[in-house]
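Visitor: Chains as they are written, first to last, in our numbering: chain L, 1 to 81; chain S, 82 to 471. For reference, the structure I am asking about is given below.
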C-alpha cells in the first residue's frame, strides 16, 4: 500500500510535516514497514482541500489532529480484509 | 579565455574608531574588473577622507581612460595636507583583471599582493618606477582560473605587534596561512573571512590599526538557470521549460507545481523525499537532469534572507554553518552565492488561488516580490542577472 502526503507550500503550512511524522510513528508502532510505503509529493493541485493525502490514488483531506483516526480507520481498515 | 572575477573584502576598524581609514573600491568596466585598496595616513576621520578620496579619484580616472601618471598627480594635488605631518598621504593598490585574463597590478607603499596559484605562492616580476617622487611597483601578467590575489593594508601585516607577536603577523606568515587556507575549494569571501578573523584574533579583538583584506579570485563563468512559478497561460509552459533547459549551466527548480510541470514536459519522474532537515522548509525532490528541485515560496523566502545577510556583509562563522546546511533554502543560497556568476531566472506569473488564503500563517502570494528582491540582492553581489517572465 502506498500513502502519499502532499508537501507543497500550502499543505506544508497546514501541517504536512506533522502528518508525515505521525504516520511514520504509527507505521513503526504497528510494525507495518513491510506493507506500507510512505512517500511525499509536491502540489497535488487540491490546495483548498489540504493537507492532501492519498492512499493508492484515493484522495483524503487531513489535518494533523485527524491523522491517528485516519490511520486506524482508513489505512488499517484497508489492510485487514 | 573568458574569465570572471569574484571579489570580497573586509575591514577591521582600529580599536575605538567609528570610521575606517582603509577604503576598498570595486569597479566594473566593459572589459575588466578593478579592485582598489587605499590606506589613509593616521586613523579615524582624517584617514577615512584621505583613503576615500584616493580610491575614488583612482577609480574614476582609470575607469575613464586616464593614465596612471595623471591619476597619481591628481591625488597628490588634491589630498588635503595633514596639519601635524605637513604631508598628504595615502597608500594604495590597484588590481585590474581583464576578461581576456590579462592583469595589471599597481602598488604604492601597501604590503605587496599575495598571489596564489594551484595552492602555492606565485612570485610575479615587477618594475619599479618613480611618479612624482613616489616609488611605484607595476606588474603585468596573465591570470589563470583558480588564482587568488590578496590585497591588504599594513594593519594586517602588523597584527599582534608588541603583544602576541614581537614583530606582528608578517607578510610571509600571512602568505603561508592563506596558502594553507585555500586547500579546500574556497571562495574569495571565505578566504577574506578566514584571514580577517585570524588577524582580529592576533590583535586580541582590539586592532591597533585599521586592517583590511581584499581578495580577488579568478573563476570560470558559472551560469545558473532558476525556474519558478507556472506560466499565466498554460500553453506557455512548454516554451518556458524549453528556454529554461537551453544552454549550459546549473539548473534549479523552485516550486512544487513548477516541478510537476517540468516533470510532465520532460517526461521524467519526480522523486520527492520526506527528509525534513529544517521543520520550516519543505523537503527537496529529484528530477533527472535538474540539479536541484525545491518547494517554492517558503524556500525562496529563506534563501532571500541568506542572500541579504551576505550582501549586508553580516557574514560570520554562523552564516557559513547555515549556508552549508542541506535544506532546500540553504542549498539554493549556496549555489547563488558561491557557484554562480550569471543568474538567469525564468519566472511564471500564474497565481494559485488557494494561496490567497488569509487563514494561512504565511502569505504565499508573494512570489513576484521575492523575485524582485532576489534580483536586487544578486545584482548587489556584482553578478549578472536576467529575468524572463511568462
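Just so it is clear, CB atoms sit at the ideal spot from N, CA and C, and this is done for glycine as well.
1. Give the interface partners of residue 17 (chain L) over in chain S, defined as CB-CB distance under 7 Å, in chain order.
2. Taking 8 Å as the threshold (beta carbon to beta carbon), is residue 110 (chain S) in contact with chain L?
3. Between residue 269 (chain S) and residue 297 (chain S), is the Cβ-Cβ spacing less than 8 Å?
4. Using a threshold of 8 Å, state whether the C-beta atoms of residue 366 (chain S) and residue 352 (chain S) are closer than that.
5. Spatial neighbours of residue 386 (chain S) within its chain, please: CB distance less than 8 Å, with the 5 preceding and 5 following residues excluded, ordered by chain position.
6. Thinking residue 131 (chain S) and residue 170 (chain S) are a contact (beta carbons under 8 Å), I'd like their distance in whole angstroms, please.
7. Give the interface partners of residue 63 (chain L) over in chain S, defined as CB-CB distance under 9 Å, in chain order.
8. How long is the line joining the alpha carbons of residue 1 (chain L) and residue 10 (chain L), rounded to whole angstroms?
9. Is it buried or exposed for residue 226 (chain S), if we count other Cβ within 10 angstroms and need 16 for buried?
10. Need the endpoints of the alpha helix (DSSP H) that residue 378 (chain S) sits in, please.
11. Report the rounded CA-to-CA distance for residue 424 (chain S) versus residue 197 (chain S), giving the unit in angstroms.
12. Can you give me the C-alpha to C-alpha distance between residue 306 (chain S) and residue 320 (chain S), rounded to a whole angstrom?
13. Do you know how far the Cα of residue 217 (chain S) is from the Cα of residue 230 (chain S)?
14. Using DSSP's beta-bridge definition, name the partner residues of residue 241 (chain S).
15. Quick check on DSSP: helix, strand or coil for residue 196 (chain S)?
16. Are at least three pairs of beta-carbons, each pair with one atom in the segment 97-113 of chain S and one in the segment 139-149 of chain S, less than 8 Å apart?
17. Considering only residues of the same chain and omitting the five flanking positions on each side of residue 279 (chain S), which have a CB-CB separation below 7 Å?
18. Thinking just about the alpha-carbon of each residue, which of S:187, S:455 and S:335 is nearest to the one in residue 362 (chain S)?
19. Within a Cβ cutoff of 6 Å, which residues of the same chain sit near residue 281 (chain S), ignoring the five residues on either side of it in sequence?
20. Counting contacts by CB-CB distance shorter than 8 Å, is residue 52 (chain L) in contact with chain S?
21. Tell me, to the nearest whole angstrom, how far the beta carbon of residue 371 (chain S) is from that of residue 343 (chain S); I am working on the premise that it is less than 8 Å.
22. Compute the beta-carbon to beta-carbon distance between residue 152 (chain S) and residue 160 (chain S), rounded to the nearest angstrom, for a pair I have assumed lies under 8 Å.
23. Our contact map puts residue 189 (chain S) next to residue 136 (chain S) with C-beta atoms below 8 Å; I'd like the distance itself, whole angstroms only.
24. If you draw a straight line from the C-alpha of residue 124 (chain S) to the C-alpha of residue 290 (chain S), how long is it?
25. Confirm, please, whether the CB-CB distance from residue 149 (chain S) to residue 212 (chain S) is below 8 Å.
26. Please list, in chain order, the chain L residues whose beta carbon lies closer than 9 Å to that of residue 351 (chain S).
27. Taking residue 378 (chain S) as the query, report the chain L residues whose CB atoms sit under 9 Å from its CB, ordered along the chain.
28. For the ligand NAD, I want to know if residue 18 (chain L) counts as a neighbour, meaning its beta carbon is within less than 7 Å of at least one of the ligand's heavy atoms.
29. Please report whether the beta-carbon of residue 442 (chain S) lies at a distance below 8 Å from any beta-carbon of chain L.
Guide: In this structure, then:
1. 357 and 360
2. no
3. yes
4. Their beta carbons are under 8 Å apart, which means residue 366 (chain S) touches residue 352 (chain S) by this criterion.
5. none
6. 7 Å
7. Near residue 63 (chain L) there are no residues of chain S at all, since even the closest Cβ is about 12 Å away, more than 9 Å.
8. A direct Cα-Cα distance of roughly 25 Å separates residue 1 (chain L) from residue 10 (chain L).
9. Result: exposed.
10. 378-392
11. 28 Å
12. 15 Å
13. 18 Å
14. Answer is none; residue 241 (chain S) lacks a bridge partner.
15. strand
16. yes
17. 258
18. S:335
19. 93
20. no
21. Rounded, the Cβ-Cβ distance is 7 Å, consistent with contact.
22. Not confirmed; about 13 Å, so no contact.
23. Actually they are not in contact, since the Cβ atoms of residue 189 (chain S) and residue 136 (chain S) sit about 12 Å apart, beyond 8 Å.
24. 8 Å
25. Result yes, Cβ atoms of residue 212 (chain S) and residue 149 (chain S) sit closer than 8 Å.
26. 41 and 42
27. 9
28. Absence of the ligand NAD is noted for the structure shown, with no ligands found whatsoever.
29. yes
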